[in-house]
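Protein chains in written order, with our numbering: chain W, 334 to 615; chain U, 13 to 494.
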C-alpha cells in the first residue's frame, strides 16, 4: 500500500486572473461515473458573476487594442501550455466525464488543435468580414469587424474541456473578454484549464470561468446590462432559451447558439461591423 | 439696404393622383380595406386620403399570400430572373421619381429638395444594387447555395418612407424571400404607390404584400406564426418589445433602432465645412433621423467660434412649405411627434440648458418647430440622453480627445458618430474608439446601398446595405438555427 497521501486540489473560480472561492461560500459535489466523490466545486452566485463582469469589462478595451498578431500569439501560447499538461487533462476528464483514456486523449488533443485553429484567425477576420465599399460619391468608405465587448457563454454539458474551449476561443480571439459558465456536471477540467490561462500571457480578466448551475445563473447572464452578447450553446431546454432571450432583450443582447463547433461564424457572431466614411478631394 | 430673398418656387403637385381611400395590397391586387383612418399632410393638416387599418385577419391573408408565392413561384425562380424583376422595379422608380418625391413630401412633410435628391434616388439605387446580388448569392460569404428564410415581415418608420421600404424589400427579394410590409401609420402613400410599381413590373402576385395600419397591425405581423424573419426600423422601445415577442420562437430579426449620435469637433477642424456638417447632421429631414448628429461635442478652444458661425448659418435655414424647392426645413411629421419635441425641449429649459433659435416665421397651419440649439447641456440632461427626433441640437464641450470619446460613448445607443478634424491619425484613432456602427469623418448623414448601416448596443441588431446587410436575409445551406 502506498503510504503517501495524495495532495488534492481545491477547485475554485477564475475571476480577474485570481482564483477566489465563491463569495456565497457554496459548493457542490462532483462525482465520477461510479458515483464516487471526486471533489467539491464552487457553486457560483449572481455576485460572482457580477464580479466577473467587472473584471471582464475592465480588461476588454486594452485586449481589443492589442495587435491581432499579439492576440494570435497569446492564443497559440494557450495551446502550448495545454499541450504541456495534456496528461493531467486526460486523467481528469476520463474520470469526470466517465470516458475511456483514449477517448479523453482525443478530446484533449482536439482542444489543443482548436486553440491553434482559432489563434490563426486573429489577423484574418478583417479580410473575411471587412470590405471597402464602392459608394456613389467622392468618399472612401470601408467596413471593419470589431470586438463587441463583454460576452457571456454557457458551455455545453458534454465534452467538458472541448466544449469550454469552443466557447472561449472564438469569443476572445477578436478582442472580446468573456465570462464562461463551465459544464455543471463535469466542471473540474475547466478550473484546471484556468491554470493554463493563468500561465499563458492572457491578460487578467479577459477570460473568467465560473462553475455552478446554469438554471440558476443563465438568467442572470441574460439580464446583466453590461454583457453585450451571449453564447447559449450549452442551453437546450426551450423554456430556458426563451427566458434568456426575453431577459436579454432589455439591452438587446446578441444571443446565439451554435451547432457547428469549429467555424468562423462563431467569432463573427460576437463582432460588430463598423463603417467609416471620409471625403476624397484635393 | 435692400436685401434679396428667395421667391417661392413651388413644385407642382399635379403629377400625383391620390385616391380618396386605399385598401391593402395583397396577392397582387388591392383589397377594399376597412376601418379607414385619415392620412394628413403635416404642412397644412389637410386630409390626403383614408388608409385602411390592417387587422390580424388582413395580416393572416397577406402572410398566406406571401407563403404561397414563396413556395410556388419565388423560391423556384432562378436568381437571374429574380434580379431582373428588381432591375425593373429600380427603373420604374427612376421613371416615376418626381411623382414619388412629390407624394413623399406631401405625406411626410420633408422638403422636396430632399425627397427629390436623396430619398427617391437612393430608393432606386437600393433596388439596382440588390438586383445584382440575386444571382450571385454563392459569393455573399455564406457558403454555397445559401437559402432565404421564407416569408419576411417588415415594419418601417415614417421618417424615410419609400427609402426604408427599399432598404427592406430589395435585399429580401434578392435573397429569395417574399415579404409582408407594414408602412408607418402616418406615411403609407408612397408604399401604396410602390404597390403599383410592383404591378407595372409584373412582379408575381404575393411576392410583395403591403398591409397598412398602426402599432396593432405591426404587432399582429410580428406575432404571426407564418413569419420567418422580422425586419424592423423604429424606436428602441418597440425594438425591445419585438425581441421579447419572438424570444420563444425561431424567428430571426434585424432591428434598426434609435440613436443619440455625437458629432465631435476637434480644435483643428475646418470650421466652415464643419458648420455645414453640423447643420446637415441635425437639421436634415427635420432631425427625424435615427443617426442624426444630435449631440454636438465641441473642443473648448473652438467652441465659441463654431457656435457663433453656427448661429449665423442657422439664421439662413428656410423653414416652410415642403413643396417649395428653396425649403431647407419642412414640417414635423405629426402632432404627436411635435408634442414630443416640445416636451423634450421644455425639459432642456427646465434642467438649465440655454435655448436658442433664429427668428423664424412658420406657417399657421401644420406642425412646425424651428431649428434649435441648446448650450450649457450636461450629460445628465434628458436632451443629452434621449432621442428627440427633431431639429434640436444639444451642445456639450470637451477639453481632451479622451474626454470626447468618453462623452460620445456615454449612451446606451451606438448607431452613428461624426468626427471633424484635419488630422488623419486623429480621425482614425477616434473612429476606432467610438462605439458606433457608422462613423462619418468630415461629413455626415451619407447613405449608400453598398455601405452597411446599423448600430452597436441598443441601436439594434444587424446591418442593412452592402454584403453585410444581404446576409441577414440568408441562412447557410446546412444550418437551420444560426
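The beta carbon of each residue, even a glycine, is placed where N, CA and C say it ideally should be. Just so it is clear, the structure is predicted and the values come from calculations on it, not from any experiment.
#### Entry: Of the residues 35/U, 54/U and 269/U, the one placed nearest residue 332/U, counting alpha carbons only
Scanning 35/U, 54/U and 269/U for the CA closest to the CA of residue 332/U turns up 54/U.
### Message
On the DSSP bridge list, what partners appear for residue 314/W?
### Response
Here chain W covers residues 334 to 615 and nothing more, so residue 314/W does not appear.
### Query
With burial defined as no fewer than 16 other Cβ atoms inside 10 Å of the residue's Cβ, what is the status of residue 128/U: buried or exposed?
Classification for residue 128/U: buried.
### Task
Along the alpha helix (DSSP H) that carries residue 448/W, what are the first and last residues, could you check?
Taken as a continuous stretch (DSSP letters only), the alpha helix (DSSP H) holding residue 448/W covers 434 to 452.
### Query
Shortest alpha-carbon distance to residue 136/U belongs to which of 386/U, 183/U and 456/U?
Answer by Cα proximity: 183/U.
### Task
Give, in chain order, every residue of the segment 338 to 352 of chain U whose Cβ lies closer than 7 Å to some Cβ of chain W.
Listed in chain order, the positions of the segment 338 to 352 of chain U with a beta carbon within less than 7 Å of a beta carbon of chain W would be empty, since no residue qualifies.
### Query
Pairing CB atoms from the segment 211 to 222 of chain U with CB atoms from the segment 441 to 451 of chain U, are three or more of them under 8 Å?
Verdict: no, contact absent.
#### Entry: DSSP-derived helix/strand/coil call for residue 340/W
In the three-state DSSP reduction, residue 340/W falls in the coil class, being neither helix nor strand.
### Query
At which residues does the alpha helix (DSSP H) containing residue 324/U begin and terminate?
Residue 324/U -> alpha helix (DSSP H) spans 312 to 326.
### Task
Taking only the alpha-carbon atoms, compute the straight-line gap between residue 401/W and residue 36/U and give it to the nearest angstrom.
When rounded, the distance between both Cα atoms is 53 Å.
### Status (buried if at least 16 other CB within 10 Å, exposed otherwise) for residue 19/U
Residue 19/U comes out exposed.
### Message
What does DSSP give as the partner residue(s) for residue 485/W in the beta ladder?
### Response
512/W and 563/W.
#### Entry: Nearest-angstrom Cβ-Cβ length linking residue 468/U and residue 453/U, presumed shorter than 8 Å
Contact doesn't hold; Cβ gap of about 17 Å is too wide.
### Message
Taking a contact to mean a Cβ-Cβ separation below 7 Å, would you say residue 115/U touches residue 224/U in this structure?
### Response
For the pair residue 115/U and residue 224/U, the CB atoms are not nearer than the 7 Å cut-off.
### Task
For residue 244/U, name the three-state secondary structure that DSSP assigns.
Note: residue 244/U maps to strand in three-state DSSP.
### Task
Tell me whether the beta-carbon of residue 452/W lies closer than 7 Å to the beta-carbon of residue 405/W.
Taking 7 Å as the cut-off, the Cβ atoms of residue 452/W and residue 405/W count as close.
### Query
DSSP three-state call for residue 166/U: helix, strand or coil?
In this structure, residue 166/U counts as strand in the three-state DSSP scheme.
### Task
For my contact list, residue 104/U and residue 209/U are in at a C-beta cut-off of 8 Å; report their separation, rounded to the angstrom.
So it is a contact: roughly 5 Å between Cβ atoms.
#### Entry: residue 366/U and residue 314/U closer than 7 Å at C-beta
Their beta carbons are not under 7 Å apart, which means residue 366/U does not touch residue 314/U by this criterion.
### Query
Are there 16 or more other CB atoms within 10 angstroms of the CB of residue 375/U, so buried, or fewer, so exposed?
A residue is called buried once 16 or more other Cβ atoms fall within 10 Å of its Cβ, and residue 375/U, having fewer, is exposed.
### Query
Can you tell me the Cα-Cα spacing of residue 492/U and residue 374/W, whole angstroms?
Bear in mind that a pLDDT of 46 at residue 492/U, under 50, signals an unreliable position, so the number given afterwards is only what the model happens to contain. C-alpha separation (whole angstroms): 36 Å.
### Members of the segment 270 to 299 of chain U near chain W, C-beta cut-off 7 Å
Close to chain W, meaning a Cβ-Cβ distance shorter than 7 Å, is no residue of the segment 270 to 299 of chain U at all.
### Message
If distances are taken between C-alpha atoms only, which option among 40/U, 150/U, 108/U and 94/U comes closest to residue 76/U?
### Response
Closest by C-alpha distance to residue 76/U, out of 40/U, 150/U, 108/U and 94/U, is 40/U.
#### Entry: residue 345/U versus 74/U, 68/U, 123/U and 489/U, residue with shortest Cα-Cα distance
Here the closest residue by C-alpha is 123/U.
### Task
Determine whether the Cβ of residue 454/W lies closer than 7 Å to any Cβ atom of chain U.
With 7 Å as the cut-off, residue 454/W does not count as an interface residue toward chain U.
### Task
Could you check which residue in 443/W, 547/W, 366/W and 419/W has the C-alpha nearest to that of residue 377/W?
The shortest C-alpha separation from residue 377/W is found at 547/W.
#### Entry: Where residue 48/U sits in the DSSP three-state scheme
Note: residue 48/U maps to coil in three-state DSSP.
### Message
Can you pull the chain U neighbours of residue 451/W, defined as C-beta to C-beta under 8 Å?
### Response
Going along chain U, no residue has its Cβ under 8 Å from residue 451/W, so there is no contact; the nearest lies around 18 Å.
#### Entry: residue 400/U vs residue 353/U beta-carbon contact at 7 Å
Result yes, Cβ atoms of residue 400/U and residue 353/U sit closer than 7 Å.
### Query
At a Cβ threshold of 7 Å, is residue 559/W touching chain U?
It does not; no Cβ of chain U falls within 7 Å.
### Task
Measure the C-alpha to C-alpha separation of residue 431/U and residue 386/U and round it to an integer number of angstroms.
Answer to the nearest angstrom: the Cα atoms are 20 Å apart.
### Query
In whole angstroms, what is the alpha-carbon distance linking residue 530/W and residue 411/W?
If you draw a straight line from the Cα of residue 530/W to the Cα of residue 411/W, it comes to about 6 Å.
### Query
Which residue's Cα is closest to the Cα of residue 193/U: 163/U, 186/U and 416/U?
The option with the nearest alpha carbon to residue 193/U is 163/U.
### Query
What three-state label does DSSP hand residue 349/U in the structure shown?
In the three-state reduction of the DSSP assignment, residue 349/U falls in the helix class.
### Query
Got a sec: which bits of the segment 95 to 113 of chain U sit with their beta carbon under 9 Å from any beta carbon on chain W, in order along the chain?
Hits within the stretch: zero.
### Query
Around the Cβ of residue 384/W, are there at least 16 other Cβ atoms within 10 angstroms (buried) or fewer (exposed)?
Buried is the label assigned to residue 384/W, since at least 16 other Cβ atoms lie within 10 Å of its Cβ.
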